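Colleague:
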DNA sequence: GTTGAGCGTT
């Protein structure tokens with residue numbers, strides 16, 4: 327048996343971690359945790375209550391940002407690996423694996439930035455829950471790191487005090 | 001030498 331320890335940890339992640347926050351990744355866990363029809367399922371939204379006129383809910387759309395948050399990366403995965411994996415999906419403007427400055431090792435997640443949402447979506451649906459460096463990675467829209475570069479209402483720092491003091495003229 | 005939750009330095 328050569329593959330045992332890696333697969334156990336892998337399943338542990340898929341079944342164990344449940345942040346219940348992501349949308350795209352949650353679909354994967356939903357596949358594992360598909361609750362069978364056991365008992366009266368009272369909590370079922372009426373099918374006619376969906377937004378859908380003809381819009382199918384198969385795809386969680388759409389990204390609101392060309393920046394992707396990639397998690398589940400192997401600790402051996404680097405920026406080039408990340409970019410190389412997301413390159414064929416679109417023009418990667420920036421791909422970076424977050425590494426701890428204290429130890430200089432990967433934190434296990436990174437960020438991939440595309441030129442447009444289309445490429446980001448393609449990469450997301452193309453690389454989400456895929457294997458990279460032997461680990462299953464999860465692709466989700468990244469959260470804005472900085473929202474506003476400090477408006478700074480006061481432009482000119484004019485203290486306004488011109489110290490005009492005629493000093494000493496005592497003869 | 002690594003086993004795992006999460007959103008980053010410039």
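Residue numbers (the working numbering): 327 to 497. Beta carbons are placed, not taken as given, at the ideal position from N, Cα and C, and that holds for glycine. As the structure is a prediction and not an experimental result, all values here were calculated from the model.
Only counting the same chain, and skipping five residues up and downstream in sequence, which positions put a Cβ closer than 8 Å to that of residue 399?
Modeller: 408, 423, 432, 434, 435, 436, 458, 459, 461, 463, listed in sequence order.
Colleague: Taking DSSP as the reference, what is the three-state secondary structure of residue 471?
Modeller: Correct three-state label for residue 471: coil.
Colleague: Could you tell me the alpha carbon to alpha carbon distance between residue 427 and residue 402, rounded to whole angstroms?
Modeller: Their Cα atoms are separated by approximately 16 Å.
Colleague: What beta strand (DSSP E) runs, 3 residues minimum, are completely inside the region 392–475?
Modeller: 393–397, 418–425, 432–440, 456–458, 461–467
Colleague: Name the residue from 465, 391, 404 whose alpha carbon lies nearest to the alpha carbon of residue 430.
Modeller: Out of 465, 391, 404, 404 has the C-alpha closest to the C-alpha of residue 430.
Colleague: Expressed to the nearest angstrom, what Euclidean distance is found between the alpha-carbon atoms of residue 448 and residue 471?
Modeller: 22 Å
Colleague: When the distance is taken between beta carbons, is residue 439 closer than 8 Å to residue 469?
Modeller: No, these two residues do not count as a Cβ contact at 8 Å.
Colleague: For residue 446 and residue 415, I'd like the C-alpha separation in whole angstroms.
Modeller: 8 Å
Colleague: Measure the C-alpha to C-alpha separation of residue 455 and residue 466 and round it to an integer number of angstroms.
Modeller: One C-alpha to the other measures close to 10 Å.
Colleague: Which of helix, strand or coil does DSSP assign to residue 388?
Modeller: coil
Colleague: Between residue 390 and residue 441, what straight-line distance do the alpha-carbon atoms span, to the nearest angstrom?
Modeller: 13 Å
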